[in-house]
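One structure below.
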Amino acid sequence: MDEHKAKILEVCNNICKNTLMETLDISYVDVGENFLIAKMPVSPKVHQPDGVLHGGASVALAESVGSAASYVFLDGQEFFVRGIEISANHVRSVKEGYVYAKASIIHKGRTTQLWEIKISNEEGDLISNCKLTTIALPRK
1 MDEHKAKILE VCNNICKNTL METLDISYVD VGENFLIAKM PVSPKVHQPD GVLHGGASVA
61 LAESVGSAAS YVFLDGQEFF VRGIEISANH VRSVKEGYVY AKASIIHKGR TTQLWEIKIS
121 NEEGDLISNC KLTTIALPRK
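Okay, so the sequence shown: first residue is 1 according to full-length UniProt numbering, each after it adds one.
Structure below.
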């Protein structure tokens, strides 16, 4: 892994201390020219009562990686990034292992950004397809 990529992932993982991302054990594992990938373990901590991944945990993963991607691909030193709308379609359940969320940019405007976040299991099967709109607000 090149030094620049490693630094981006280090920053993303370090800002998760004492947050929901740490509670859910979300970690950032890969970054490219227009995407960011995070993973989350699927365990009873993120299950719904019948023993499968809770849709809310999937949405938290999606918003986390999409917002982090906005921070990475915009100038996070100049802007606050906030999620303003998220939608999710859950298409498959998962009981254990890891899920991976890949945030890819659909629209990169000066103020708003639109992200597609595909969540898949370890075999690459689609678990959820999410769309996130973020807004970049000047830090002033």
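All C-beta atoms, glycine included, are put in the ideal place defined by N, C-alpha and C.
| Query | Result |
| --- | --- |
| Secondary structure, alpha helix (DSSP H): runs of 4+ residues fully inside the UniProt domain "Thioesterase" (51-127) | 55-73 |
| Continuous alpha helix (DSSP H) stretch holding Ile8: start and end | 3-14 |
| Proximity winner among Phe73, Asn121, Ala103, relative to Gly109 (alpha-carbon distances) | Phe73 |
| Close beta carbons around Gly66, own chain, < 6 Å, minus the five adjacent residues each side | Ala103, Trp115, Ile117, Leu132 |
| Where the alpha helix (DSSP H) through Leu20 begins and ends | 20-23 |
| Residue interval of the beta strand (DSSP E) (run including Val42) | 35-42 |
| Whether Tyr100 touches Pro41 by CB criterion (8 Å) | no |
| Nearest-angstrom Cα separation, counted from Ile127 out to Ser120 | 5 Å |
| Lys45 in three-state terms, based on DSSP | helix |
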